[in-house]
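What follows is one structure encoded as structure tokens, with my remarks underneath.
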Amino acid sequence: MGQLTRITAHVYWLPPGPPDRPSLCAVVGSRRTVMLDGGSSRAHARELLSGLEAVGVAPPFAVLYTHAHWDHVFGGIEVGAAIVAQRLTAARLVELDRIDWSDEGLDLRVAAGEASPEHAAYVKEELPAPRTVEVAPADIVFDDEIALELGDVRVTVRHVGGDHSRDSSVVYVEPDGVLFLGDCTSASPTGVMTAGRAFPLQEAIRSFGAEHYVEGHHPSVVSERELDDLFDKIVMAERAARDHCELDLRDEDTAYFLAAFAAGLRSVGGDSSV
Ligand SMILES: [Zn+2]
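Structure follows, in structure tokens:
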């Protein structure tokens, strides 16, 4: 289990963990606390809430979502706070709440090719059967951007899209210079990346000029230089996929991006599923 770690003056981070738990953060101002992403289950959200309680921080008054994939939103209901979501995310939350999350429902979707076996296995492990999934709807919906003043700290949530999920938003924390990325730099759930989405996304991310980057499933906080390196690998992988030139595939990231861009060239875009 990860430990809640204070990464900057106002930001606490719960690192990602098994089976598919993403990073969660709390941003603590002099007046208000917010939570970034809701977690994979009530138990996951509770880990962050207990950690905050232990360090004497006020509970979140709002939860800001990066996108509506199950592992980022199933825990939101546990917080009992306002849910802030981009319009596409908000619509998807309503759909997620209606889906049959029983073992049978999951297995049917895998058999129909609508979900991956890994996805079903992760849900089953995070939420043992019989499971009840309640997905909290959005209380506050934005289109492009919304800013919240927490007292000496401001968070800005901005819709950036990308291959991973059309609804992806990132959260910028000032003055800490932290950008909470969710999963937006990853391929789609079916492993697809495209130049048309990946490069505008890089520009959108760079436009914040952040110093520290928190990615959904990356085990450490990423520096600006490490992000540059990652983006360079994406640029090289895209070029290699297009021109069929040689790349050093011993690097895990490069191999992942090359496969994703190659898949992107074979298909017309990649659709995102649950
Ligand atoms: Zn995701």
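Residue numbers (the working numbering): 1052 to 1325. Positions of the beta carbon are idealized from the N, C-alpha and C atoms, including for glycine.
#1: Per the DSSP calculation, SER1220 is bridged to which residue(s)?
#2: Any idea what DSSP makes of ARG1182, helix, strand or coil?
#3: Between which two residues does the alpha helix (DSSP H) carrying TRP1152 extend?
#4: Within 10 angstroms of its Cβ, does ALA1189 collect 16 or more other Cβ (buried), or is it exposed?
#5: Buried or exposed: HIS1170, going by 16 or more other Cβ atoms within 10 Å of its Cβ?
#6: Between SER1167 and ASP1302, what straight-line distance do the alpha-carbon atoms span, to the nearest angstrom?
#7: Taking the alpha carbon of VAL1124 as the reference point, which residue from VAL1273, GLY1247, ALA1094 and ALA1172 has its own alpha carbon closest?
#8: Return the CA-CA distance between ALA1133 and GLU1177, expressed in angstroms with no decimal places.
#9: Helix, strand or coil for TYR1116? Go by DSSP, reduced to three states.
#10: Does the distance from the CB of VAL1206 to the CB of VAL1078 come in under 7 Å?
#11: Give me, in chain order, the residues of the same chain whose beta-carbon lies closer than 6 Å to that of PHE1312; leave out the 5 immediate sequence neighbours on both sides.
#12: For LEU1309 and LEU1316, which I take to be in contact (beta-carbon distance under 8 Å), what is that distance rounded to the nearest angstrom?
#13: Excluding the 5 residues preceding and the 5 following ILE1197 in the sequence, name in chain order all residues of the same chain whose CB lies nearer than 6 Å to its CB.
#14: Which whole runs of the beta strand (DSSP E) in the region 1241-1315 are 3 residues long or more, in chain order?
So, from the listed chains and residues:
#1: Within the sequence shown, numbered from 1, the residue matching residue 1220 stands at position 169. Looking at the DSSP assignment, SER1220 forms a beta bridge with HIS1210.
#2: Start at 1 with the first residue of the sequence shown, and residue 1182 comes out as number 131. Residue state, collapsed to three classes: coil.
#3: Locating residue 1152 in the sequence shown gives position 101, counting from the first residue. Premise fails: TRP1152 is in no alpha helix (DSSP H) and is neither H nor E.
#4: Translated into the one-based positions of the sequence shown, residue 1189 becomes position 138. ALA1189 is buried by the Cβ-count criterion.
#5: Taking the first residue of the sequence shown as position 1, residue 1170 is located at position 119. Its Cβ being crowded by 16 or more others within 10 Å, HIS1170 is buried.
#6: As a first step, residue 1167 is located in the sequence shown; it is residue number 116 there, counting from the start. As a first step, residue 1302 is located in the sequence shown; it is residue number 251 there, counting from the start. When rounded, the distance between both Cα atoms is 25 Å.
#7: As a first step, residue 1124 must be located in the sequence shown, where it is residue number 73. Of VAL1273, GLY1247, ALA1094 and ALA1172, the residue nearest in Cα terms is ALA1094.
#8: On the sequence shown, position 82 is the one that residue 1133 refers to. On the sequence shown, position 126 is the one that residue 1177 refers to. If I take the Cα positions, the gap works out to 24 Å.
#9: Translated into the one-based positions of the sequence shown, residue 1116 becomes position 65. In this structure, TYR1116 counts as coil in the three-state DSSP scheme.
#10: For the purposes of this step, residue 1206 is identified with residue 155 of the sequence shown, where counting begins at 1. For the purposes of this step, residue 1078 is identified with residue 27 of the sequence shown, where counting begins at 1. In this structure, VAL1078 lies closer than 7 Å to VAL1206 by Cβ.
#11: Here residue 1312 refers to the residue found at position 261 of the sequence shown. Result list for PHE1312: MET1244, ALA1288, GLU1289 and ALA1292, in chain order.
#12: Taking the first residue of the sequence shown as 1, we reach residue 1309 at position 258. Taking the first residue of the sequence shown as 1, we reach residue 1316 at position 265. About 11 Å separates the two Cβ atoms, so there is no contact after all.
#13: For the purposes of this step, residue 1197 is taken as the residue at position 146 of the sequence shown. VAL1208.
#14: 1263-1266
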